[in-house]
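Protein chains in written order, with the numbering used here: chain D, 1 to 225; chain P, 1001 to 1225. Even for Gly, the Cβ is constructed at its ideal location relative to N, Cα and C. Everything on this sheet refers to the single structure shown next.
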DNA sequence: AACAGAAAGATTGCATACAATTTCGTTTGC
DNA sequence: GCAAACGAAATTGTATGCAATCTTTCTGTT
């Protein structure tokens, strides 16, 4: 029992929600979670308060907390904002361009390429996150970078499924290269546009995919609506 | 005991921090706050957990919570992001343009003008927030609008001092008109640029102002550093 | 038989009590 | 005289108990 109970519970619940182990609208029973984590209700409650502050769960007075899973529209909106924020990062990175930055970006993308060659989705996924975070940090705006990290984390599971689409890895890789080239050339407009498209495409493809899923689900079981 | 204690305490502490009633790095004593609010430590702790989730306070294990007041750099970064998000709102609003929207925007700006004529800063301030929120909502992206509201709330006290600068009200008003005209004309680039500049100017002016303050404070009392 | 009301069960919200950890002061040894 | 270690006071973290509120069910009346 080394680390803080609240922190551990919050992290566990957050992961569980992100991984879809709780359905939308499902109630999180304090007592059940307490016994489940082997602690009392107090740390569970504090963890739930934190989650409700970030919008992952909703808290109705004297009713309990309910998980709030984003629907297709929510995700589309989040990807749209993510695209714009990342584009801004790229733009800012251009005005701070340094040789080290460019080589670091190229190395990060090389790591992506290596994973793509092996068709290793998990490794590509890690390298991809590193690549994007590098751009966040190179924006020079810590607040912006933090917001990007938050959104990146929140969209993580949805982006992950995206990568399994055939040919997506190589296409993603090429888009990365476009971004790096634009930053290296010090062209903020081009860099921003390249990164915006790169992220937007994921959002739109995912949106289509999810709409299709829902259509199928609706056909299978009419009670889904 | 009408409303939720936690909610009330969180709101009160948030306002207190926003209004600068707590210095940066100041420790928030749970026991003291509990007696101060006339409750036990439990709801105070839950409120503090929520605040720590949003980054207003930092929580060190077994050490307590400490308020995190943004410095000049933090504020500059936040205004920069705010400008970009609002610009995106304006851009999106252009693609959803409706007659009702434009008239609503004009009315909101007319309210600003009325307040400016009377040199009534408080009223202008309210009308100004309404105007901006209208654009957030007209983006059609609820997630984006929510993020804008959050930032608007967080930057509220700093923006407020800004409005006292001589001639700022009329200038702000003119900038609003530029934004409305661009949206009415359906020109996303112009609308985005106009709103971005409108917000950026505030950030930069505030940054200069605050740097000056710090310089003065440094001269007055050398221990400030 | 159906609906309204009340009581019982369950669950959240808050208070208090206890345990663990940290911090500060004092003392002791070098 | 200084430093290190021990101890006490203070503070955070967790557990438990109780009150308030909501939900469900049962009963009585229409």
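Out of D:18, D:126 and D:82, point me to the one whose CA is closest to residue 196 of chain D's CA. D:82
Segments assigned alpha helix (DSSP H), at least 4 residues, entirely inside the segment 34-116 of chain D: Within the segment 34-116 of chain D, the runs of alpha helix (DSSP H) at least 4 residues long that lie entirely inside it are, in chain order, 41-54 and 72-94.
Opposing strand residues paired with residue 27 of chain D [DSSP bridges]: D:66
Keeping to the same chain, check which residues put their C-beta closer than 8 Å to that of residue 211 of chain D; ignore five residues upstream and five downstream. 72
If we ignore side chains and look at the alpha-carbon of each, how far apart do residue 1111 of chain P and residue 1123 of chain P end up? 9 Å
Boundaries (first-last residue) of the alpha helix (DSSP H) holding residue 137 of chain D: Here the alpha helix (DSSP H) through residue 137 of chain D covers 121-138.
Can you name, in chain order, every residue of its own chain whose Cβ lies under 7 Å from the Cβ of residue 1202 of chain P, other than the five neighbours on each side? 1079, 1159 and 1162
Contacting positions in the segment 74-100 of chain D - beta carbon closer than 7 Å to chain P: 74, 77, 78, 80, 81, 84 and 88
For a contact defined as C-beta to C-beta under 8 Å, what are the partners of residue 61 of chain D on chain P? 1004
So is residue 267 of chain D buried or exposed if we call it buried at 16+ other beta carbons inside 10 Å? The structure shown does not extend to residue 267 of chain D, since chain D spans only 1 to 225, so no value can be given for it.
Do you know whose CA, among D:165, D:185, D:175 and D:68, lies nearest residue 208 of chain D's CA? D:165
Residue 181 of chain D - DSSP class collapsed to helix/strand/coil: helix
Which listed residue (P:1076, P:1086 and P:1114) has its alpha carbon closest to that of residue 1205 of chain P: In terms of Cα proximity to residue 1205 of chain P, the closest of P:1076, P:1086 and P:1114 is P:1076.
Determine whether the Cβ of residue 1054 of chain P lies closer than 8 Å to any Cβ atom of chain D. At least one chain D Cβ lies under 8 Å of residue 1054 of chain P.
Using the three-state DSSP reduction, which class does residue 1165 of chain P fall into: helix, strand or coil? Residue 1165 of chain P: coil per DSSP, three-state reduction.
Between the CA atoms of residue 191 of chain D and residue 178 of chain D - distance to the nearest angstrom: 8 Å
Which one of P:1015, P:1100, P:1116 and P:1032 has the shortest CA to CA distance from residue 1184 of chain P? P:1100
For the alpha helix (DSSP H) containing residue 1015 of chain P, list its first residue and its last residue. For residue 1015 of chain P, the uninterrupted alpha helix (DSSP H) run begins and ends at 1005-1018, by DSSP.
Distance CB(residue 89 of chain D)-CB(residue 188 of chain D) smaller than 8 Å: Taking 8 Å as the Cβ cut-off, residue 89 of chain D and residue 188 of chain D do not qualify as a contacting pair.
Just to check my reading of the structure: residue 1141 of chain P and residue 1092 of chain P have Cβ atoms closer than 8 Å, yes? What is that Cβ distance to the nearest angstrom? So it is a contact: roughly 6 Å between Cβ atoms.
Can you check whether the C-beta of residue 1142 of chain P is within less than 8 Å of a C-beta belonging to chain D? Using a CB distance cut-off of 8 Å, residue 1142 of chain P counts as an interface residue toward chain D.
Residue 193 of chain D versus residue 200 of chain D: straight-line alpha-carbon distance, rounded: 10 Å
Spell out whether any CB of chain P is found under 8 Å from the CB atom of residue 49 of chain D. yes
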